[in-house]
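Student:
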Amino acid sequence: MQEKPQPPVGGSVTADDVAELAGVSRWTVNRAYKKDAPISAKSRKKVMEAAEKLGYVPDLLASSLASDRSNLVALLIDDFANPHKLVMMERLTRILRKNGWDTLLVNTISEEDASAALLNASQRRVDAAVLIGTKFNHTELETALGARRVKKLILFARNTAYKNTISICCDDSDAMTMIYDYVVKRGYRKPLFLAGPQSPSAHVLRKDTFLKLWTDAWGETPHWISVPAYDPHLAFIETRDYLKQLAPSDRPDVIVCENDSLAMGAMDVVRYELGLRVPEDIAITGFDDVPQAAGPHYQLTTYRQPLTDMANALVAVLKGGEVAEDLTRFDGHLMVRTSA
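First residue of the sequence shown? That's 96 in this note's numbering, and the numbers climb one at a time after it.
(1) Ordered along the chain, which non-local residues of its own chain (more than five positions away) have a Cβ less than 6 Å from that of L200?
(2) Suppose you measure from the CA of V225 to the CA of I249; what does that come to, to the nearest Å?
(3) Assign R186 to one of three DSSP states: helix, strand, or coil.
(4) Tell me the residue span of the alpha helix (DSSP H) that contains N125.
(5) Would you give the residue range spanned by the beta strand (DSSP E) that R399 belongs to?
(6) Which class does N407 belong to by DSSP, given the choice of helix, strand or coil?
(7) Considering only the beta carbon of each residue, do N194 and V410 sit closer than 9 Å?
(8) Leaving aside the five residues before and after S158 along the sequence, list all residues of the same chain whose C-beta is less than 7 Å from its C-beta, in chain order.
(9) In whole angstroms, give me the CA-to-CA distance for V168 and W196.
(10) Taking all protein chains shown into account, do 16 or more other C-beta atoms lie within 10 angstroms of the C-beta of D426, making it buried, or fewer, making it exposed?
(11) Write down every uninterrupted run of the alpha helix (DSSP H) in the segment 288 to 365 whose length is 4 residues or greater and which is fully enclosed by it, in chain order.
(12) On the DSSP letters alone, give me the boundaries of the alpha helix (DSSP H) that V278 sits inside.
(13) Is M271 near L289, with beta carbons less than 9 Å apart?
(14) Taking the C-alpha atoms as reference points, what is the distance between K247 and E144?
(15) Quick check: the Cα distance between S356 and H428, rounded to an integer number of angstroms?
(16) For S138, report the span of its beta strand (DSSP E) as first-last.
In structure tokens form, the structure reads like this:
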């Protein structure tokens, strides 16, 4: 039986060792690990077989230093209580990996922590930092870009007026117009809008769009309240405190929520604190279409964001080519269920 080749004594396996065993040059070994490098299938197979025998793993850091791309993307996320973030992470990591990028997950705990998180990402020479959350402001974005800490700063599923960042998100105005039209068509006339954090740097246009549409059509602005985070528990508390101080005749007939996390908290209040029925007494709409929305407990009427299209647009931005789509105008679908 032929003995398995052993790595050199006193050191790790190098590309030169693989090249010698495979009978190719060191540069051929390097090209075999690059997705789009010019190399024949036969040569790639020889390199991979030799690498497997020797237990060779390429030094990704060294490779990134020798090129302009690390093939690593940092995902900065702050609101893990929001189940939609798990859906986003699954979609983003799957599509990025399919296209040759790995991901670095960073939990940005607070606004103050966001700048440190960006520095952490830059030290790993990421190709881009993708911000998915609310806890950062213009000062931190400007500092990060001014210090050239990251090559690209991308806001995913949110918009920003800050000129040096790239926003990739669905068209909130069109989405909320769709929800507004549905609410009106179903005959609801006393809406309450339940909004999330009121962040000036990374915002969604859902509340502003719905309130304006309603005010223009009906001559009065609906009541609205905000929750400091996209957290079902916090949404439960805020909605309970607001609704319990209202007389029954002053209660809304529909609660339009900025996302599904808020909608689930609001629905639990309506059912279990007020003892009312959904949708017969108070209807509820959400936004995002998280997996729980379609379950028998909520059956939430909501809006499904086109995450796959948005993730593919992120890949196009990373590749540096021309992007045909308007990155802030992706269209999703209204998912009609029994909550409204």
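Using N, Cα and C, we set each Cβ at its ideal position, and we do this for glycine too.
Tutor: Judging by the given coordinates:
(1) Counting from 1 along the sequence shown, the entry for residue 200 is found at position 105. Once the five neighbours on either side are set aside, the close Cβ partners of L200 are L170.
(2) As a working mapping, residue 225 is identified with position 130 in the sequence shown. As a working mapping, residue 249 is identified with position 154 in the sequence shown. Between V225 and I249, the C-alpha separation is close to 5 Å.
(3) For the purposes of this step, residue 186 is taken as residue 91 along the sequence shown, with counting starting at 1. Looking at R186 - three-state DSSP - the assignment turns out to be helix.
(4) To locate residue 125, count along the sequence shown from 1; it is residue 30. First-last of the alpha helix (DSSP H) with N125: R121 to A127.
(5) Along the sequence shown, read from residue 1 onward, the residue named residue 399 stands at position 304. Counting along the chain, the beta strand (DSSP E) containing R399 begins and ends at T397 to R399.
(6) Position 312 of the sequence shown, counted from the start, is the residue given in the question as residue 407. Note: N407 maps to helix in three-state DSSP.
(7) Locating residue 194 in the sequence shown gives position 99, counting from the first residue. Locating residue 410 in the sequence shown gives position 315, counting from the first residue. V410 sits close to N194, with the two beta carbons spaced by under 9 Å.
(8) Here residue 158 corresponds to residue number 63 of the sequence shown, with the count starting at 1. Because the pLDDT at S158 is just 49, under 50, the model does not fix this residue reliably, and the point stays unresolved.
(9) Here residue 168 refers to the residue found at position 73 when the sequence shown is read from its first residue. Here residue 196 refers to the residue found at position 101 when the sequence shown is read from its first residue. Just so you know, the alpha carbons of V168 and W196 end up roughly 7 Å apart.
(10) Translated into the one-based positions of the sequence shown, residue 426 becomes position 331. Its Cβ having fewer than 16 others within 10 Å, D426 is exposed.
(11) Those alpha helix (DSSP H) runs which fall completely within the segment 288 to 365 and span 4+ residues are 301 to 313, 327 to 339 and 355 to 363.
(12) Walking along the sequence shown from the start, residue 278 turns up at place 183. DSSP places V278 inside the alpha helix (DSSP H), whose first and last residues are D267 to K280.
(13) Mapped onto the sequence shown, residue 271 falls at position 176. Mapped onto the sequence shown, residue 289 falls at position 194. No, these two residues do not count as a Cβ contact at 9 Å.
(14) Position 152 of the sequence shown, counting from 1, holds the residue named residue 247. Position 49 of the sequence shown, counting from 1, holds the residue named residue 144. About 36 Å.
(15) In the sequence shown, the residue the question calls residue 356 occupies position 261. In the sequence shown, the residue the question calls residue 428 occupies position 333. For S356 and H428, the gap between their C-alpha atoms comes out near 18 Å.
(16) As a position in the sequence shown, residue 138 is number 43, starting the count at 1. Bounds of any beta strand (DSSP E) do not take in S138; it lies within the alpha helix (DSSP H) bounded by A136 to L149.
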